[in-house]
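Respectively, the protein sequence lines represent chains A and B.
Our numbering puts the first residue of the first sequence at 1, with every later residue one more than the last.
Our numbering puts the first residue of the second sequence at 340, with every later residue one more than the last.
We treat Cβ as the ideally placed atom computed from N, Cα and C, and that holds for glycine.
Notes follow the structure.
Number of protein chains: 2
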Amino acid sequence: MAFGYEASSNHRLLLVRRPAGVPVQDDFTVDEVELPQAEEGTFVVRNLFLSVDPAQRGWATTGTHYTAPVRLGTVMRALAVGQVIASRHSAFLEGTHLYGWFGWQEYALARPDDVLTLIEALDIPLSAYAGVLGINGLTAALALKRIGRPVAGDTIIVTTAAGAVGSVATQLARAAGCTVVGITGSDEKAARCIGRFGCHRAINYREGKIELLLDANLPGGADILFDSVGGQLLDAMIRRLRRGGRIIQCGTASVPGWSPPPTGLRNEREILLKSLLWGGFVVFDHVSEFAVETRRLASLLREGKLIYEEDIRQGLIKAPRALTDIYAGRNSGKVLIAL
Amino acid sequence: MAFGYEASSNHRLLLVRRPAGVPVQDDFTVDEVELPQAEEGTFVVRNLFLSVDPAQRGWATTGTHYTAPVRLGTVMRALAVGQVIASRHSAFLEGTHLYGWFGWQEYALARPDDVLTLIEALDIPLSAYAGVLGINGLTAALALKRIGRPVAGDTIIVTTAAGAVGSVATQLARAAGCTVVGITGSDEKAARCIGRFGCHRAINYREGKIELLLDANLPGGADILFDSVGGQLLDAMIRRLRRGGRIIQCGTASVPGWSPPPTGLRNEREILLKSLLWGGFVVFDHVSEFAVETRRLASLLREGKLIYEEDIRQGLIKAPRALTDIYAGRNSGKVLIAL
Numbered sequence: 001m002a003f004g005y006e007a008s009s010n011h012r013l014l015l016v017r018r019p020a021g022v023p024v025q026d027d028f029t030v031d032e033v034e035l036p037q038a039e040e041g042t043f044v045v046r047n048l049f050l051s052v053d054p055a056q057r058g059w060a061t062t063g064t065h066y067t068a069p070v071r072l073g074t075v076m077r078a079l080a081v082g083q084v085i086a087s088r089h090s091a092f093l094e095g096t097h098l099y100g101w102f103g104w105q106e107y108a109l110a111r112p113d114d115v116l117t118l119i120e121a122l123d124i125p126l127s128a129y130a131g132v133l134g135i136n137g138l139t140a141a142l143a144l145k146r147i148g149r150p151v152a153g154d155t156i157i158v159t160t161a162a163g164a165v166g167s168v169a170t171q172l173a174r175a176a177g178c179t180v181v182g183i184t185g186s187d188e189k190a191a192r193c194i195g196r197f198g199c200h201r202a203i204n205y206r207e208g209k210i211e212l213l214l215d216a217n218l219p220g221g222a223d224i225l226f227d228s229v230g231g232q233l234l235d236a237m238i239r240r241l242r243r244g245g246r247i248i249q250c251g252t253a254s255v256p257g258w259s260p261p262p263t264g265l266r267n268e269r270e271i272l273l274k275s276l277l278w279g280g281f282v283v284f285d286h287v288s289e290f291a292v293e294t295r296r297l298a299s300l301l302r303e304g305k306l307i308y309e310e311d312i313r314q315g316l317i318k319a320p321r322a323l324t325d326i327y328a329g330r331n332s333g334k335v336l337i338a339l
Numbered sequence: 340m341a342f343g344y345e346a347s348s349n350h351r352l353l354l355v356r357r358p359a360g361v362p363v364q365d366d367f368t369v370d371e372v373e374l375p376q377a378e379e380g381t382f383v384v385r386n387l388f389l390s391v392d393p394a395q396r397g398w399a400t401t402g403t404h405y406t407a408p409v410r411l412g413t414v415m416r417a418l419a420v421g422q423v424i425a426s427r428h429s430a431f432l433e434g435t436h437l438y439g440w441f442g443w444q445e446y447a448l449a450r451p452d453d454v455l456t457l458i459e460a461l462d463i464p465l466s467a468y469a470g471v472l473g474i475n476g477l478t479a480a481l482a483l484k485r486i487g488r489p490v491a492g493d494t495i496i497v498t499t500a501a502g503a504v505g506s507v508a509t510q511l512a513r514a515a516g517c518t519v520v521g522i523t524g525s526d527e528k529a530a531r532c533i534g535r536f537g538c539h540r541a542i543n544y545r546e547g548k549i550e551l552l553l554d555a556n557l558p559g560g561a562d563i564l565f566d567s568v569g570g571q572l573l574d575a576m577i578r579r580l581r582r583g584g585r586i587i588q589c590g591t592a593s594v595p596g597w598s599p600p601p602t603g604l605r606n607e608r609e610i611l612l613k614s615l616l617w618g619g620f621v622v623f624d625h626v627s628e629f630a631v632e633t634r635r636l637a638s639l640l641r642e643g644k645l646i647y648e649e650d651i652r653q654g655l656i657k658a659p660r661a662l663t664d665i666y667a668g669r670n671s672g673k674v675l676i677a678l
């Protein structure tokens, strides 16, 4: 088998403007440059699937972040699954499949530090390594393990329950013996939460007043909140946690912007009087656990105990719109760009 | 030595109105009833020191609480140190000193469940068992152990640092190798935080804009926040925590009332992006650890490694005003009512 370039140039999506709230098409532009060449200690990755993640909003904006923001005029930071097509590094041979920081572009010049997963098991579709076996599945698994600590009999609320993270959290919590109440944004998604992912109940938050919907579906409250949305929905859910409850903060997708700083209900009294534990979870704090956890999730996939959905779109140029769509709920599972 | 009643009646402070915000004198009334008589399985405690605690505001109001609110027309719930003067329970003999739920009154008819500490070591002043060896010292010690997890080199912010909980948290954190920055409400208290309790720096929050005061005293941010005040001060402090920071929520003393629900800055993004862990701490969740922890604190007291201040006032009638004073910062250390 021969590896090599299939194109004569590299198309890249550059961040050219800081998003005001949710990123939009005009925050990015496409350019075309020469193909990268491997220098000593590096290798060239041909991207096969680009990952589209809500976290990219944070990476594109300035402020308090766990990493430096993407510099304007450079390739948009993104995870991707690709294949090494040229290498001057002995540990990353041509033909190897990798998941890592390869950016929204066709070809990436990569270093070992850019790699998150060396893909060995090719019996699983490659795209899965960018989602259910990538940061989305790992976020669900590791956040539950570290902060949520589900115990049989617990009730858990999972937000964006039909999404790439929420659908995995739902299945893992159910397997741990929890009652799972999913929150999602349409009746169709609510039906999938129950029918496909195993939620015991599912709420379409657009259907009515969230407090009433929660009370109807959580008469006794909940022990764990797996929250990726923040905002008023979070405030309402916190008030329905039982004593000793745990809150996993994985995202703040429902809050349109952070400048000027938004306000909401004060939550410190809830935290105090119910002895809640509220933890922020950034999956990149736990890279040392990725290999073991990826293998565990891969086993569940092979055994048919973990299912996932993908929303695969074709072509680099579709990436910005796909990101906007995630924030509007116009996606159906993990969003990927196939190249 | 003979034990017995020293009075012919029992004066009690009854809660007669739900406090609107901070409790005031008129929320209580004094009555006089017959002395309690021990029935089988009970004992009569003559109160020596009544405890005055910010938590009493919560016990006196309705809402989301970890215990049922005090019923109107009944003795105000309070901890106290007292001595058994009549007993029909073989484990609580006459003469025994106890710390427990004996209420704002002169004499209490008590049951074993009402007792938190059986006071054995009388080389330590009895009043200490209601403060530094009572819920205040235990809150500091157990909240640090369970949520704060101080490590040598950490920087910790301690609110109400000259108070009954804060002064113990300061000393324990310093002994663990932390840099301690105290927050308090007057220059005089700030000086005591440094001079007596060992804060490396102390801020009088009334001196200026809290954000500027924090920035001047915490140029590199902090790792732990020991917060008993909540509100805008909490919002400002959260924004100065480093990645991986821990927040102990022990009280919300700065927030005047919770009905209607107060609003403030949204904090979920700080929690997420800095992987913070924010835990509510109610000391009564940890009663099984009291005996061991009380002994550890008593050892530190004997070795001169833990100091404490008391603000002892005379007479039952002074209790409500003493509680109001705590919220206004008009106290100097642990507030007790000597009878």
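is_contact[residue i, chain B] using C-beta, thresh 9 Å
i: A:Glu-39; result: no
i: A:Ser-288; result: no
i: A:Leu-234; result: yes
i: A:Ile-340; result: Residue 340 of chain A lies beyond the residue range present for chain A, which begins at 1 and ends at 339; the question has no answer from this structure.
i: A:Asp-285; result: yes
i: A:Val-16; result: no
i: A:Leu-212; result: no
i: A:Arg-149; result: no
i: A:Gly-231; result: yes
Residue i versus residue j: straight-line alpha-carbon distance, rounded
i: A:Asn-47; j: A:Gly-103; result: 9 Å
i: A:Ala-7; j: A:Thr-61; result: 32 Å
i: A:Ile-124; j: A:Ala-130; result: 12 Å
i: A:Pro-19; j: A:Pro-256; result: 11 Å
i: B:Lys-613; j: A:Gly-95; result: 37 Å
i: B:Glu-632; j: B:His-625; result: 10 Å
i: A:Met-1; j: A:Ile-85; result: Because the pLDDT at A:Met-1 is just 46, under 50, the model does not fix this residue reliably, and the value given afterwards should be weighed accordingly. If I take the Cα positions, the gap works out to 11 Å.
i: B:Glu-459; j: B:Arg-634; result: 10 Å
i: B:Pro-362; j: A:Tyr-327; result: 46 Å
i: A:Arg-77; j: A:Thr-67; result: 11 Å
i: B:Lys-548; j: B:Ile-651; result: 33 Å
i: A:Ile-203; j: A:Ser-186; result: 8 Å
i: A:Leu-336; j: B:Ala-555; result: 46 Å
i: B:Leu-411; j: B:Trp-398; result: 11 Å
i: B:Ala-503; j: B:Ala-515; result: 19 Å
i: A:Ile-157; j: B:Pro-393; result: 33 Å
i: A:Ile-317; j: A:Lys-334; result: 18 Å
i: B:Phe-623; j: B:Trp-440; result: 12 Å
i: A:Asp-235; j: B:Asp-566; result: 21 Å
Distance between beta carbons of residue j and residue i, contact taken as under 8 Å
i: A:Cys-199; j: A:Gly-182; result: 4 Å
i: B:Arg-585; j: B:Arg-488; result: 6 Å
i: B:Gln-422; j: B:Asn-349; result: 15 Å between Cβ atoms; not a contact.
i: A:Ala-162; j: A:Cys-250; result: Not quite, the Cβ-Cβ distance comes to about 15 Å (not below 8 Å), so this is no contact.
i: A:Leu-109; j: A:Pro-36; result: 4 Å
i: A:Val-45; j: A:Tyr-107; result: 7 Å
Chain A within 9 Å of residue i, Cβ atoms only
i: B:Glu-607; result: yes
i: B:Ile-563; result: no
i: B:Arg-416; result: no
i: B:Leu-481; result: no
i: B:Val-621; result: yes
i: B:Met-340; result: At B:Met-340 the pLDDT is 46, less than 50, meaning the model places this residue with poor confidence and gives no usable figure here.
i: B:Leu-615; result: yes
i: B:Ala-493; result: At residue 493 of chain B the sequence reads Asp, which differs from the Ala that was named. B:Asp-493 does not count as touching chain A.
i: B:Gly-618; result: yes
CB of residue i within 9 Å of CB of residue j, strictly
i: B:Arg-544; j: B:Leu-557; result: Contrary to the premise, residue 544 of chain B reads as Tyr rather than Arg in this sequence. Cβ distance not < 9 Å, so B:Tyr-544 and B:Leu-557 don't count as in contact.
i: B:His-436; j: B:Ala-377; result: no
i: A:Ala-128; j: A:Gly-166; result: no
i: B:Glu-546; j: B:Arg-578; result: no
i: B:Gly-583; j: B:Ile-486; result: no
i: A:Gly-264; j: B:Thr-602; result: yes
i: B:Val-369; j: B:Leu-352; result: yes
i: B:Leu-465; j: B:Leu-636; result: no
i: A:Arg-28; j: A:Pro-260; result: Here residue 28 of chain A is Phe; the residue named in the question, Arg, does not match the sequence. No. Outside cutoff.
Any non-hydrogen atom of the ligand HEM within 8 Å of residue i CB
i: A:Gln-249; result: In the structure shown, the ligand HEM is absent, as is every other ligand, since no ligand is present at all.
Below 9 Å between beta carbons is the criterion; list the residues of the stretch 249-266 of chain A that meet it against any residue of chain B, in chain order.
-> Gln-249, Cys-250, Gly-251, Thr-252, Val-255, Trp-258, Pro-261, Pro-262, Thr-263, Gly-264, Leu-265 and Arg-266
Interfacial residues, the stretch 576-588 of chain B to chain A, with Cβ spacing under 9 Å | Arg-578, Arg-582, Gly-583, Ile-586 and Gln-588
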